[in-house]
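**Student:** To convert a position in the sequence shown, counted from 1, into our numbering, add 22.
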Amino acid sequence: MLAGESLSKREVLILAGLSELFLVILSLVWIYFADLNVTLNASLDSAFIGAIATIPLILFNVCLSTYAAKNKKSIWFSFLHTTILPLCKNLDPVSALVVGIMAGIGEELFFRATVANHLILLFGISISALLSSLLFSLMHFGNAFLKLLPISLVYFCVGAYLFTEYVWSKSLLSVIVTHALYNWFAIIYLRSKFIESHHLSKSPS
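So this is what it looks like as structure tokens:
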């Protein structure tokens, strides 16, 4: 049994769409008034870099999920079953991809193209990496940041990874592809590992 109440596919798509639309609007207003120079750098090379950059995140997710599956009293297992799985339980591969793409566009436009770019102008790359990654983690967890500190730190590291990719590739498309593909994989993989396998194990032989 999942500890959290699952959302329908329609509810997840609406929630994701509204939240990412808010980030897009906020980003465009910020970019306009701060006069930031944002380059999409849309090319096959950028898309390829983004796809390859997904691999380390996928491997890390698999390792962390395996640990959670073996340690059911851990904070990781609890977080998966109360927060992540209820959101992705009813998503099929297509709707999962839609959610991944929306998150990739909204969050990367905001955290990397807008926040990180502005912070780089103000403080340089090193401080910008720390501050934008911290904000990335804080906005995912809010007032539960300290309560879920180990997971918050993981999200901080993911934010730093995407920041590094963005600065190195000089491409917004690259990090959008990475973020979208990683989210898509995570949803499909976690459903398979913790939900579908659970149902199969409960099915009569």
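Beta carbons are placed, not taken as given, at the ideal position from N, Cα and C, and that holds for glycine.
Candidates 46, 40, 59: which alpha carbon is nearest residue 142's?
**Tutor:** As a first step, residue 142 must be located in the sequence shown, where it is residue number 120. It is 59 whose Cα lies nearest to the Cα of residue 142.
**Student:** Residue 150: buried (16+ other C-beta within 10 angstroms of its C-beta) or exposed?
**Tutor:** The count along the sequence shown starts at 1 and reaches residue 150 at position 128. Label assigned to residue 150: buried.
**Student:** Following the continuous alpha helix (DSSP H) through residue 31, name the residue where it begins and the one where it ends.
**Tutor:** Against the sequence shown, residue 31 aligns to sequence position 9. Run containing residue 31: 31-56, per the alpha helix (DSSP H) assignment.
**Student:** Helix, strand or coil for residue 126, going by three-state DSSP, please let me know.
**Tutor:** To locate residue 126, count along the sequence shown from 1; it is residue 104. It is helical.
**Student:** Per DSSP, what kind of secondary structure is residue 114 in: helix, strand or coil?
**Tutor:** Walking along the sequence shown from the start, residue 114 turns up at place 92. Three-state result, residue 114: coil.
**Student:** Out of 140, 129, 47, 135, state which residue places its alpha-carbon closest to the alpha-carbon of residue 201.
**Tutor:** On the sequence shown, residue 201 is found 179 positions in, with the first residue counted as 1. Residue 129 is the option with its Cα nearest to residue 201.
**Student:** Determine the closest residue to residue 185 out of 42, 159, 34, 208, with distance taken between C-alpha atoms.
**Tutor:** Locating residue 185 in the sequence shown gives position 163, where the first residue counts as 1. Out of 42, 159, 34, 208, 159 has the C-alpha closest to the C-alpha of residue 185.
**Student:** With DSSP collapsed to three states, give me the class of residue 146.
**Tutor:** By one-based count along the sequence shown, residue 146 stands at place 124. Three-state DSSP puts residue 146 in coil, outside helix and strand.
**Student:** Of the choices 112, 42, 49, 72, whose alpha-carbon is the least far from that of residue 217?
**Tutor:** Along the sequence shown, one-based indexing puts residue 217 at 195. Restricting attention to 112, 42, 49, 72, the CA atom closest to the CA of residue 217 is found in 112.
**Student:** Among 106, 121, 133, 118, which one has its Cα closest to the Cα of residue 187?
**Tutor:** For the purposes of this step, residue 187 is identified with residue 165 of the sequence shown, where counting begins at 1. Nearest option by C-alpha distance: 133.
**Student:** Roughly how many angstroms lie between the CA atoms of residue 213 and residue 131, to the nearest whole one?
**Tutor:** Taking the first residue of the sequence shown as 1, we reach residue 213 at position 191. Taking the first residue of the sequence shown as 1, we reach residue 131 at position 109. In this structure, the alpha-carbon of residue 213 lies about 27 Å from that of residue 131.
**Student:** Roughly how many angstroms lie between the CA atoms of residue 152 and residue 48, to the nearest whole one?
**Tutor:** Here residue 152 refers to the residue found at position 130 of the sequence shown. Here residue 48 refers to the residue found at position 26 of the sequence shown. Distance between the alpha carbons of residue 152 and residue 48: 21 Å.
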